[in-house]
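S.K.: Be aware that the sequence shown starts at 77, since it is given in my numbering, and climbs by one per residue.
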Amino acid sequence: MGKRWMWLTTALTGAVTAAVVLGKPVDARLTDLSVYLGAVGGLADGDSLYDFTRGAAPFTYPPFAALVFTPLTWVPVPVVQIAWTVVTLAAVAALAVLVMRGRATADGAGNTRGQAMTAAPASGPAASAIAALVLVLSAPISSNLKYGQVSLFLVVLVLTDVLLLRRTGANGVLIGIAAAVKLTPLIFIPLLWFSGRRRAAVVATLTFAGCGLVGALALPGDSWRFWTGELFHVSRLGYITGAGNQSLNGALMRLDVPDHARSVLVLAIGGGIVAAALIRAVRLAGEKYWLGATVVVGAAGIVLSPVSWTHHQVWLVLAALLPVAGPAWVRAAWPAVVVTVMLLPLVGESRLLLAVAVAALVPVYDGTRRWDGIRTPPTSAGGRRAVTVA
Numbered sequence: 077m078g079k080r081w082m083w084l085t086t087a088l089t090g091a092v093t094a095a096v097v098l099g100k101p102v103d104a105r106l107t108d109l110s111v112y113l114g115a116v117g118g119l120a121d122g123d124s125l126y127d128f129t130r131g132a133a134p135f136t137y138p139p140f141a142a143l144v145f146t147p148l149t150w151v152p153v154p155v156v157q158i159a160w161t162v163v164t165l166a167a168v169a170a171l172a173v174l175v176m177r178g179r180a181t182a183d184g185a186g187n188t189r190g191q192a193m194t195a196a197p198a199s200g201p202a203a204s205a206i207a208a209l210v211l212v213l214s215a216p217i218s219s220n221l222k223y224g225q226v227s228l229f230l231v232v233l234v235l236t237d238v239l240l241l242r243r244t245g246a247n248g249v250l251i252g253i254a255a256a257v258k259l260t261p262l263i264f265i266p267l268l269w270f271s272g273r274r275r276a277a278v279v280a281t282l283t284f285a286g287c288g289l290v291g292a293l294a295l296p297g298d299s300w301r302f303w304t305g306e307l308f309h310v311s312r313l314g315y316i317t318g319a320g321n322q323s324l325n326g327a328l329m330r331l332d333v334p335d336h337a338r339s340v341l342v343l344a345i346g347g348g349i350v351a352a353a354l355i356r357a358v359r360l361a362g363e364k365y366w367l368g369a370t371v372v373v374g375a376a377g378i379v380l381s382p383v384s385w386t387h388h389q390v391w392l393v394l395a396a397l398l399p400v401a402g403p404a405w406v407r408a409a410w411p412a413v414v415v416t417v418m419l420l421p422l423v424g425e426s427r428l429l430l431a432v433a434v435a436a437l438v439p440v441y442d443g444t445r446r447w448d449g450i451r452t453p454p455t456s457a458g459g460r461r462a463v464t465v466a
């Protein structure tokens with residue numbers, strides 16, 4: 077009965093959130109989705125994707141994304157908005173089930189090493205319902221629902237690829253498609269390559285290139301314009317100096333760091349954080365803890381990306397599931413800190429700092445080995461965990 081009540085609570089919370097979002101006038105809700113629809117709709121009149129704006133918000137994705145959105149223009153806008161919101165909530169539920177499964181099974185195939193690090197059930201309907209509730213209440217999911225964003229769907233595609241398709245010939249396809257819609261998932265291709273899933277890395281790269289080619293054949297003018305110009309105009313992405321941009325680039329802009337120096341610092345510091353994240357992630361992947369590896373790299377992407385809006389930060393909510401090294405109070409405090417930062421209103425650079433911590437600082441392990449090489453055998457003779465250096 078408990079799990080049913082948890083799912084009912086989650087469903088009611090999602091329904092209330094959807095009602096608030098859809099209770100606004102049609103022209104004032106899901107504004108990012110409106111940009112997608114408006115830009116794609118203009119193609120029929122011979123307009124460029126990148127000349128369209130709605131409320132000063134332009135279309136910023138590759139042309140392939142426009143092809144993905146095209147069928148949505150065949151349906152009345154209010155119907156699209158309702159369907160988009162419902163599918164977003166369904167994606168939240170799917171993500172919750174997926175990550176709780178990945179948390180409980182370090183290798184996605186029945187190994188429950190990760191479970192040893194927490195006293196709470198690591199998987200099951202009740203745990204998935206709690207995860208879904210936290211996600212629905214979090215700032216990133218609220219932002220995805222409010223604006224009609226694609227960021228949540230990209231996270232689901234990446235994790236489905238990493239956790240569910242890794243033993244199939246299709247491994248890498250979903251990451252390639254996600255990157256073709258929005259470039260940020262490209263950061264997961266090095267994770268595949270350096271963790272030994274090189275065929276999947278090649279498949280992801282070829283899928284990304286193939287989707288880009290499809291976009292170029294369908295929209296040659298806009299493709300040329302995007303890849304040779306619009307891609308580099310970061311200022312088109314909105315008020316990027318505002319606090320909502322929790323990337324390293326955004327923080328340096330708020331400090332009034334000159335452009336050239338800022339670019340150097342982003343490449344040096346951001347690149348170092350990405351390198352550290354990949355090293356940590358490869359070690360986690362070596363222990364078959366793919367959920368942890370993917371979340372760590374996702375956090376690094378938030379740091380390095382020129383713009384990291386709230387709806388991009390789903391990876392940081394998932395960081396609450398990571399088992400961290402340390403005494404019991406640290407392991408208990410970690411998810412509480414993450415949930416607090418990601419549910420409450422933004423304070424300063426708190427989410428950027430959290431992203432840096434997840435990517436490069438907080439020691440994560442799957443119950444047998446920490447990222448820094450400290451191995452924890454199951455138990456010693458006295459029933460306590462012994463720690464030895466591998």
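We treat Cβ as the ideally placed atom computed from N, Cα and C, and that holds for glycine. Treat the numbers as computed from the prediction; the structure is a model and nothing was measured.
What distance in whole Å lies between the Cβ atoms of G248 and D237, which are believed to be in contact at a cut-off of 8 Å?
M.R.: Right, their Cβ atoms sit about 7 Å apart.
S.K.: Any chance you could list the alpha helix (DSSP H) runs of at least 4 consecutive residues sitting entirely within the stretch 228–280, in chain order?
M.R.: List check, alpha helix (DSSP H) in window: 249–257 and 264–270.
S.K.: On the three-pair Cβ rule with 8 Å, is the stretch 370–379 touching the stretch 198–217?
M.R.: Touching, no.
S.K.: Which residue marks the beginning of the alpha helix (DSSP H) containing F128, and which one marks its end?
M.R.: Element bounds for F128: n/a, residue is neither H nor E.
S.K.: Determine the extent of the alpha helix (DSSP H) in which D298 is found, giving its start and end residues.
M.R.: From DSSP, the alpha helix (DSSP H) with D298 extends over P296 to T304.
S.K.: To the nearest angstrom, how far is the alpha carbon of P134 from that of G320?
M.R.: So the alpha carbons of these two residues sit roughly 18 Å apart.
S.K.: Tell me the rounded alpha-carbon separation between S384 and L430.
M.R.: Approximately 13 Å between the Cα atoms of the pair.
S.K.: Can you find the residues in the same chain that come closer than 8 Å, C-beta to C-beta, to V358, ignoring five residues on each side of it along the sequence?
M.R.: Taken in chain order, the residues that qualify are L267, F270, S271 and A369.
S.K.: In the structure shown, what three-state DSSP assignment does V116 receive?
M.R.: Note: V116 maps to helix in three-state DSSP.
S.K.: According to DSSP, is V400 part of a helix, a strand, or is it coil?
M.R.: In this structure, V400 counts as strand in the three-state DSSP scheme.
S.K.: Given this structure, state the Cα-to-Cα distance separating V162 from V333, to the nearest angstrom.
M.R.: Approximately 42 Å, taken between the alpha carbons.
S.K.: For N187 and Y365, what's the separation of their Cα atoms in angstroms?
M.R.: Bear in mind that the predicted position of N187 carries a pLDDT of just 43, short of 50, making it too unreliable to give a figure here.
S.K.: Work out the CA separation of S227 and N220 for me, nearest whole Å.
M.R.: Near 7 Å, if we compare the C-alpha coordinates of S227 and N220.
S.K.: Classify V413 as helix, strand or coil using the three-state DSSP reduction.
M.R.: Three-state result, V413: helix.
S.K.: Report the option in T149, V290, V97 and V173 whose CA atom is closest to the CA atom of L239.
M.R.: L239 has its Cα closest to that of V173, out of T149, V290, V97 and V173.
S.K.: Leaving out five residues before and five after L211 in sequence, what residues of the same chain have Cβ atoms less than 7 Å from its Cβ?
M.R.: The residues are V168, L171, A172, I217 and V393.
S.K.: Would V372 and L331 qualify as a contact pair, given that the criterion is a beta-carbon distance under 9 Å?
M.R.: Cβ atoms of V372 and L331: not closer than 9 Å.
S.K.: If distances are taken between C-alpha atoms only, which option among A352, R179 and P411 comes closest to A436?
M.R.: Considering only alpha carbons, the answer is A352.
S.K.: In chain order, what residues of the same chain have a beta carbon less than 7 Å from the beta carbon of P197, not counting five sequence neighbours either side?
M.R.: For P197, the predicted model reports a pLDDT of 42, less than 50, meaning its position is unreliable and no value from the coordinates is stated.
S.K.: Can you give the Cα-Cα distance for M176 and L367, rounded to whole angstroms?
M.R.: Each residue's alpha carbon lies about 9 Å from the other.
S.K.: List the endpoints of the continuous alpha helix (DSSP H) containing Y223.
M.R.: Looking at the DSSP string, the run of the alpha helix (DSSP H) that includes Y223 is A215 to Y223.
S.K.: Using 10 angstroms around the beta-carbon of W214, count the other beta-carbons present and answer buried if the total reaches 16, otherwise exposed.
M.R.: The identity of residue 214 in the sequence shown is Ser, whereas the question assumes Trp. By the 10 Å Cβ count, S214 comes out buried.
S.K.: Alpha carbons only, please: which of V231, G424, V434 and K222 is nearest the one belonging to T317?
M.R.: For the residues V231, G424, V434 and K222, the minimum Cα distance to T317 belongs to G424.
S.K.: Skipping 5 residues on each side, what residues in its chain have a beta carbon closer than 8 Å to that of L313?
M.R.: Here the set comprises T136, P382 and V383.
S.K.: Is DSSP giving V342 helix, strand or coil here?
M.R.: In this structure, V342 counts as helix in the three-state DSSP scheme.
S.K.: Could you round the C-beta distance between L230 and V257 to whole angstroms and report it? I think they count as a contact, below 8 Å.
M.R.: With 8 Å as the limit, L230 and V257 qualify as a contact, their Cβ atoms being about 7 Å apart.
S.K.: Any contact between the stretch 273–293 and the stretch 107–123? By contact I mean 3 or more CB pairs, one from each, below 8 Å.
M.R.: Cβ pair count under 8 Å is below three, so no.
S.K.: Comparing C-alpha positions only, which one of A395, G402 and L341 sits nearest to V415?
M.R.: Measuring from the Cα of V415, the nearest candidate turns out to be A395.
S.K.: Of all the options A277, Q157 and Y126, which has the alpha carbon lying nearest to the alpha carbon of P261?
M.R.: Minimum Cα distance to P261 is reached at A277.
S.K.: Determine, using beta carbons only, whether G374 and V390 come nearer to each other than 9 Å.
M.R.: Result yes, Cβ atoms of G374 and V390 sit closer than 9 Å.
S.K.: Please report how far the alpha carbon of W303 lies from the alpha carbon of S124, in whole angstroms.
M.R.: Near 14 Å, if we compare the C-alpha coordinates of S124 and W303.
S.K.: So what does DSSP say about V440, is it helix, strand or coil?
M.R.: Reduced to three states, the DSSP call for V440 is strand.
S.K.: Roughly how many whole angstroms lie between the Cα atoms of M418 and R427?
M.R.: The alpha-carbon atoms of M418 and R427 are separated by roughly 7 Å.
S.K.: Could you check if D103 is buried or exposed, using at least 16 other CB atoms within 10 Å of its CB as the buried criterion?
M.R.: Its Cβ having fewer than 16 others within 10 Å, D103 is exposed.
S.K.: Using 9 Å as the threshold, is the C-beta distance between G291 and F140 below it?
M.R.: Yes, the pair counts as a contact, with Cβ atoms nearer than the cut-off.
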